[in-house]
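Structure first, commentary second.
Residue numbers (our numbering): 2 to 426.
This is how it looks when you write it as structure tokens:
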């Protein structure tokens, strides 16, 4: 915007901490380039770099401290607003003059609003805001993306996030002495092992299919899904697997659905245990174990229904299936936390917040406000890969790593999309 309109009035909002210090430095650099720069600050900055940059700015121009009436006028008349009020590490609700300041900042709808590192009021590491937050069209974040900018509701305040490399070594603060590293990490509120998924990263995970590959070398998936009235779940999970590269897919379904799955693709093979007319019970578990023994992976749960006998069926398979197992939907609704902990083999679970709430005992609100911390904790406790559905999926692994998927949109909020995802995985 400044390139196209060099006469634009720029107002930099500077708090008292290090984020404010960055704001003073930005104001100085833009003033050096001849732009019309004004600073609204919170009074005298704290000691250290913030204060040094404030003193340097005072050699270039004046500041107006909020809530001075002139500060309000500058905010309302600005063409570009830069938010450097609060940075990372916020842990308390924004009230009083700071709240009023941010509300006036947000009310200027004609201005281009840009956040420095993270919008003021957005949690650095979690899916929440602290009472009020700066509404920005762009966020210039330093060195690494801040998880809070890629979780709802923080994503609504961050706009387009630009990650600026400022040459911090990859192993920082690991390369500091242990105690110093610990103190530095605490001060910076750093969260280890949190990654933002990119197309390049995901593409590298897709196994290469060799020219001589055939259906038998491309994996055979068993889907154990469906009950009376929910046959489409088995079709969707199986089709998701086929479309994402599985060489063979067998759907194990109740008797009445064999060869009669809604919308069944002709490639999907169907099998059924004896005497399972409408839903599965514990007596069918041995049959499924035999099927799974000669397949590469199992999807368990989509459309199974919730019955006391089906719960015993799911719990038995969770404990005894040895190969890779994905549990979704009614597989989770029929499961208990203790059974999941007792599983020895590889497991992936894909709950939405309400399913996870039932399984772990936390409320949906608690989970949604702490999506990253919740997933990190439970994936380690349960020794599973945990994919928490919702806007901006969070994936956790038993080694404490977290992956955030910034893609997708609300078009996926429709029946069956979770079944397809199970097949994809």
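All residues carry an ideal CB built from backbone N, CA and C; glycine is no exception.
Since we're looking at a predicted model, the values are computed, not measured.
Judged by DSSP in its simplified three-state form, residue 84 adopts strand.
Here residue 342 is exposed: its Cβ has fewer than 16 other Cβ atoms, across all protein chains shown, within 10 Å. Look at residue 143 here: in three-state DSSP terms it is strand.
In the DSSP assignment, residue 404 is bridged to 196, 396. Beyond the five residues adjoining it in sequence on each side, residue 307 comes within less than 7 Å, by CB distance, of 331, 334, 335 in the same chain, given in chain order. Taking all protein chains shown into account, residue 295 has fewer than 16 neighbouring C-beta atoms within 10 Å of its C-beta and is therefore exposed. Under the three-state reduction of DSSP, residue 66 is assigned to strand. Under the three-state reduction of DSSP output, residue 29 falls in the helix class. Taking a contact as a CB-CB distance under 8 Å, the pair residue 106 and residue 58 does not count as one, their CB atoms being some 19 Å apart. Distance between residue 422 and residue 288, taken at the CA atoms: about 25 Å. Taken through DSSP and simplified to helix, strand or coil, residue 42 comes out as strand. For residue 269, the secondary structure class from DSSP, reduced to helix, strand or coil, is coil. Collapsing the DSSP output to three states places residue 166 in coil.
Taken through DSSP and simplified to helix, strand or coil, residue 103 comes out as helix. In this structure, the CA atom of residue 140 is about 11 Å from the CA atom of residue 157.
Counting along the chain, the unbroken alpha helix (DSSP H) around residue 361 starts and ends at 354-361. Residue 8 sits in coil when the DSSP states are folded into three classes, being neither helix nor strand. Linking residue 314 to residue 199 through their CA atoms gives a straight-line distance of about 38 Å. For residue 294, the enclosing alpha helix (DSSP H) starts and ends at 286-294.
In the structure shown, residue 210 falls within a coil segment according to DSSP collapsed to helix, strand and coil.
Here residue 130 is not near residue 147, since their CB atoms are 8 Å or more apart.
Rounded to the nearest whole angstrom, the CA to CA distance from residue 154 to residue 256 is 45 Å.
For the pair residue 93 and residue 371, the Cα-to-Cα distance works out to about 15 Å.
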